[in-house]
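**Student:**
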Amino acid sequence: MTDHASILDERLMLSPSVSLRPEPFGALAYHFGNRRLTFLKRPELVEVVSALDGRRTVREVLEGCGIPEGQWSAYDATIERLRGADMLQVATLAAVSG
Amino acid sequence: MAERPTGGTLIQQFEYGLDAPICLTWELTYACNLSCAHCLSSSGKRDPRELTTAQAEAVIDELQAMKVFYVNIGGGEPTIRPDFWHLLDYAVEHQVGVKFSTNGSQITPERAARIAATDYVDVQVSLDGATAEVNDPLRGVGSYATAIRALDNLFEAGFKDAKVSVVVTRQNVHQLDDFKRIASERGATLRLTRLRPSGRGVDVWDEMHPTAEQQRDLYNWLLREGEKVLTGDSFFHLAAFGEPLPGLNLCGAGRVVCLIDPIGDVYACPFAIHDRFKAGNILDDGGFATVWRESELFTELRSPQSGGACTSCSAFDACRGGCLAAKFFTGLPLDGPDPECVKGHSDLALMDPDRLAPAASQDHSRGSVHKPVSACDENPLSGLTFIPLEALSASR
Ligand code: SF4
Ligand code: SF4
Chain A
1 MTDHASILDE
11 RLMLSPSVSL
21 RPEPFGALAY
31 HFGNRRLTFL
41 KRPELVEVVS
51 ALDGRRTVRE
61 VLEGCGIPEG
71 QWSAYDATIE
81 RLRGADMLQV
91 ATLAAVSG
Chain B
1001 MAERPTGGTL
1011 IQQFEYGLDA
1021 PICLTWELTY
1031 ACNLSCAHCL
1041 SSSGKRDPRE
1051 LTTAQAEAVI
1061 DELQAMKVFY
1071 VNIGGGEPTI
1081 RPDFWHLLDY
1091 AVEHQVGVKF
1101 STNGSQITPE
1111 RAARIAATDY
1121 VDVQVSLDGA
1131 TAEVNDPLRG
1141 VGSYATAIRA
1151 LDNLFEAGFK
1161 DAKVSVVVTR
1171 QNVHQLDDFK
1181 RIASERGATL
1191 RLTRLRPSGR
1201 GVDVWDEMHP
1211 TAEQQRDLYN
1221 WLLREGEKVL
1231 TGDSFFHLAA
1241 FGEPLPGLNL
1251 CGAGRVVCLI
1261 DPIGDVYACP
1271 FAIHDRFKAG
1281 NILDDGGFAT
1291 VWRESELFTE
1301 LRSPQSGGAC
1311 TSCSAFDACR
1321 GGCLAAKFFT
1331 GLPLDGPDPE
1341 CVKGHSDLAL
1351 MDPDRLAPAA
1361 SQDHSRGSVH
1371 KPVSACDENP
1381 LSGLTFIPLE
1391 ALSASR
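Sequences listed follow chains A and B, in order. Residue numbers in the first sequence follow my numbering, run continuously in steps of one, and reach 98 at the last position. Residue numbers in the second sequence follow my numbering, run continuously in steps of one, and reach 1396 at the last position.
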C-alpha cells in the first residue's frame, strides 16, 4: 500500500485543540497548542475538513462531499499537511464513541 | 463597502477584513505601577469608567460566540485588576486563549505554576534594556530585576516559551544579542517590536526611535535570525531595504487587528488610540461584534490601500507605505511614506516646521513619567496557508 492510498483510508478528525471559524472566503483554523493559524481558502476544503468526523475514512468523506476523484490527490496532499501540523488527527476510539 | 474578490491571495482577502479579528488586543486597565516613558496607551491612572467584572465577562462571552481564538491582554498593567486572574480563567473556560503582557510584578512562583498548567495562556514580559542600566531609566528603578524574576519564575515552573517583549530603541538596539541570550537561557523566545509614536511614545519618539543607520543594522540582524525571533510583523517598513522579512507585511488595522480599551472603546489598532481611529464603544453601540462588522471606520479601512506618494516607489510591494499609526502621530499624510521610510522619503516632511502632530485625545498618565536618560507569506497549495500567529502586525 502506498502512502497515497493510506491517508485516504484513515479515519481523521479535527484535533481537539483546533477551533474552526467560517469566513467569507473559506475558514480559519486555530490550534491552541502550537498557536498556529491555518487559512483554508476554499469553501469545498472547509466542507471536507468539517465533515471529517473520525468515523468515516477520508475517502468516504470526499465521496460524500461530491469531490470528483480527479481532485483527490490534491486533497490528499492538503490533508496530509493538515495532519502534519496536528490540525487533523487520527481518531481515537474514545473520541468518536458517545 | 468595497466588493470582495473571490480567490486571490491571503493578503488580498485580509484587506477586505474578516468576520472577527485575528489579532485582538484588550487593554483591561489603564492603571499601572510603572510609568514607562514610551507607553503606547499613556497609562498610569485607572479610569473610573473601566468595565466591571460582569461587563468584562460579557465581552468574553461575545468573543467566544464570534470565535475569536485568542486575545492579547494588556494595559496598563493588567494583573493589577483585582479580577485579572478570574477573567483569565473565565476566558480559558470559554475557549478564548489569552496572551497577556506584563511587567512581571505579579508573576510569583505560585502564579507561574498556575499559568504553566494550561495550553491556553501565553505570557509576555516586557523588558526594554538587556541591562538594568538601559532598562530602568526608561521603565523605572527595579523594573529590570522584576522582569527577570518573573521570567525565572515561569521557567522554573515549567512554563514553556514565554515571550520576552522588547521595544527596539536607539538606546537598546545594540543589545539585541543580549536580549536573545536572556530569553533563551530561560526557555523563552525574544519578541521585538517597533517603537511607534503612540501614546507617550509621541513625546519621546524623536529621541528614541532608531537612527537610519541602526535601522539598517536591525534589518540585517532580523534577516539573520529569521523566524527564531518574533516581530509581530512590526518591521515590514524595513522590507524596503530589499529582502522580505517573515510576516504578512500588511497593515491589519481594522481588518484583522483591533483594540478594545478599558472603557470599551474600540480602536483600529492598539497603536492608534485616537478619536480618528475610534470605531465605537461596545456598551453604547450594540456590542463588539456590531462595532467590528458594521462601524463606518472599519468599513472605510477594509478596502485596498492607496499608496499615494509611495505608489511610484520600487519598494512599495514590500513596504506598502509602512505603519498607519506611525504616520498619523507624526503628522504625516496617511497615504504617503512611513516616518521611518528607509529610502528617506519622509525626511523632508519631518523637518517641515509647520508639521502638526495631532493632539492626544487620551491620556491616563499620572504626571511623573520616566524620561529616558538620553533621551504583520503566501503558499497557495490547495488554498492552504499556515501562519504563525506572530506574523500579524500589531499582535502585541
Ligand atoms: S502597521 Fe501600524 S497601524 Fe497598521 S496594524 Fe500595524 S501597528 Fe497598527
Ligand atoms: S517611499 Fe513608501 S513604499 Fe517606498 S520605502 Fe518609503 S515608505 Fe516604503
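For every residue, glycine included, the Cβ atom is placed at its ideal position computed from N, Cα and C.
Measuring from the CB of C58(A), is there a heavy atom of ligand 2 at a distance below 7 Å?
**Tutor:** As a first step, residue 58(A) must be located in the first sequence, where it is residue number 58. The sequence as given places Val at residue 58(A); Cys does not occur at that position. No - ligand 2 has no heavy atom lying nearer than 7 Å to the Cβ of V58(A).
**Student:** I need the boundaries of the beta strand (DSSP E) containing S1042(B), first residue and last residue.
**Tutor:** Walking along the second sequence from the start, residue 1042(B) turns up at place 42. That residue, S1042(B), is in no beta strand (DSSP E); it is neither H nor E in DSSP.
**Student:** When a residue counts only if its C-beta is closer than 5 Å to some heavy atom of ligand 2, which residues count, in chain order?
**Tutor:** The set, ordered by position in the chain, is A1240(B), C1310(B), C1313(B), A1315(B), F1316(B), C1319(B), G1321(B), G1322(B), P1337(B), D1338(B), C1341(B), K1343(B), H1345(B).
**Student:** Tell me the DSSP secondary structure of S1314(B) in three-state form.
**Tutor:** Residue numbering aside, residue 1314(B) sits at position 314 when the second sequence is read from its first letter. Here S1314(B) sits in coil by DSSP.
**Student:** What are the partner residues of M116(A), as DSSP defines its beta bridges?
**Tutor:** Lying outside 1 to 98, the shown extent of chain A, residue 116(A) is not represented and no answer is given.
**Student:** Do S1184(B) and S1126(B) come within 8 Å of each other at the CB atom, strictly closer than that value?
**Tutor:** Here residue 1126(B) refers to the residue found at position 126 when the second sequence is read from its first residue. Here residue 1184(B) refers to the residue found at position 184 when the second sequence is read from its first residue. Not in contact: S1126(B) and S1184(B) (Cβ atoms no closer than 8 Å).
**Student:** Less than 8 Å between the CB atoms is what I'm expecting for G1321(B) and E1340(B), so what's the real figure, rounded?
**Tutor:** Locating residue 1321(B) in the second sequence gives position 321, counting from the first residue. Locating residue 1340(B) in the second sequence gives position 340, counting from the first residue. 11 Å between Cβ atoms; not a contact.
**Student:** Would you kindly work out how many angstroms separate the C-alpha atoms of D1061(B) and V1167(B), rounded to a whole number?
**Tutor:** Taking the first residue of the second sequence as 1, we reach residue 1061(B) at position 61. Taking the first residue of the second sequence as 1, we reach residue 1167(B) at position 167. Distance between the alpha carbons of D1061(B) and V1167(B): 32 Å.
**Student:** If you follow the alpha helix (DSSP H) that R1224(B) is in, where does it begin and where does it stop?
**Tutor:** Working through the second sequence from its first residue, we reach residue 1224(B) at position 224. From DSSP, the alpha helix (DSSP H) with R1224(B) extends over 1212-1225.
**Student:** Can you give me the Cβ contacts of E1015(B) inside the same chain, cut-off strictly under 8 Å, excluding the 5 residues immediately before and after it?
**Tutor:** In the second sequence, residue 1015(B) corresponds to position 15, counting from 1. For E1015(B), where only same-chain residues beyond five positions count, the Cβ hits under 8 Å are L1250, R1255, R1302, S1303, P1304, Q1305.
**Student:** According to DSSP, simplified to helix, strand and coil, what is F1014(B)?
**Tutor:** Here the question's residue 1014(B) lines up with position 14 in the second sequence. Helix at F1014(B).
**Student:** For G33(A), which residues in chain B fall below 8 Å Cβ to Cβ?
**Tutor:** Taking the first sequence and counting its residues from 1, one reaches residue 33(A) at position 33. In chain order: D1119.
**Student:** Does the segment 1206-1221 of chain B touch the segment 1331-1347 of chain B, meaning 3 or more C-beta pairs lie closer than 8 Å?
**Tutor:** With the cut-off at 8 Å, the segment 1331-1347 of chain B and the segment 1206-1221 of chain B touch.
**Student:** Between V1164(B) and ligand 1, is the CB less than 7 Å from at least one heavy atom?
**Tutor:** For the purposes of this step, residue 1164(B) is identified with residue 164 of the second sequence, where counting begins at 1. V1164(B) Cβ: outside cutoff for every heavy atom of ligand 1.
**Student:** Would you say F1329(B) and A1289(B) are within 8 Å of each other, going by their C-beta atoms?
**Tutor:** One-based indexing of the second sequence puts residue 1329(B) at position 329. One-based indexing of the second sequence puts residue 1289(B) at position 289. Not closer than 8 Å, so no.
**Student:** Below 7 Å, is the gap between the Cβ of C1258(B) and the nearest heavy atom of ligand 1?
**Tutor:** Here residue 1258(B) refers to the residue found at position 258 of the second sequence. Because no heavy atom of ligand 1 lies under 7 Å away, the Cβ of C1258(B) does not count as near it: no.
**Student:** Pick from Y1070(B), T1108(B), C1310(B): whose alpha carbon is nearest that of G1336(B)?
**Tutor:** Taking the first residue of the second sequence as position 1, residue 1336(B) is located at position 336. The candidate whose alpha carbon is nearest that of G1336(B) is C1310(B).
**Student:** Assuming R1102(B) contacts V1123(B) (C-beta within less than 8 Å), just tell me the rounded distance between them.
**Tutor:** Reading the second sequence from its first residue, position 102 is the one you call residue 1102(B). Reading the second sequence from its first residue, position 123 is the one you call residue 1123(B). According to the sequence displayed, residue 1102(B) carries Thr and not Arg. At roughly 7 Å, the Cβ-Cβ gap stays under 8 Å, so T1102(B) and V1123(B) are in contact.
**Student:** According to the Cβ coordinates, are L40(A) and A27(A) closer than 8 Å?
**Tutor:** Residue numbering aside, residue 40(A) sits at position 40 when the first sequence is read from its first letter. Residue numbering aside, residue 27(A) sits at position 27 when the first sequence is read from its first letter. Result yes, Cβ atoms of L40(A) and A27(A) sit closer than 8 Å.
**Student:** Using beta-carbon positions only, say whether K1278(B) and V1229(B) come within less than 8 Å of one another.
**Tutor:** For this step, residue 1278(B) is matched to residue 278 along the second sequence. For this step, residue 1229(B) is matched to residue 229 along the second sequence. Result no, Cβ atoms of K1278(B) and V1229(B) do not sit closer than 8 Å.
**Student:** Would L20(A) and L14(A) be called neighbours here (beta carbons separated by less than 8 Å)?
**Tutor:** As a first step, residue 20(A) is located in the first sequence; it is residue number 20 there, counting from the start. As a first step, residue 14(A) is located in the first sequence; it is residue number 14 there, counting from the start. It is a contact, given that the beta carbons lie within the stated cut-off.
**Student:** Between the alpha carbons of R1186(B) and F1316(B), how many angstroms are there, rounded?
**Tutor:** Against the second sequence, residue 1186(B) aligns to sequence position 186. Against the second sequence, residue 1316(B) aligns to sequence position 316. Each residue's alpha carbon lies about 39 Å from the other.
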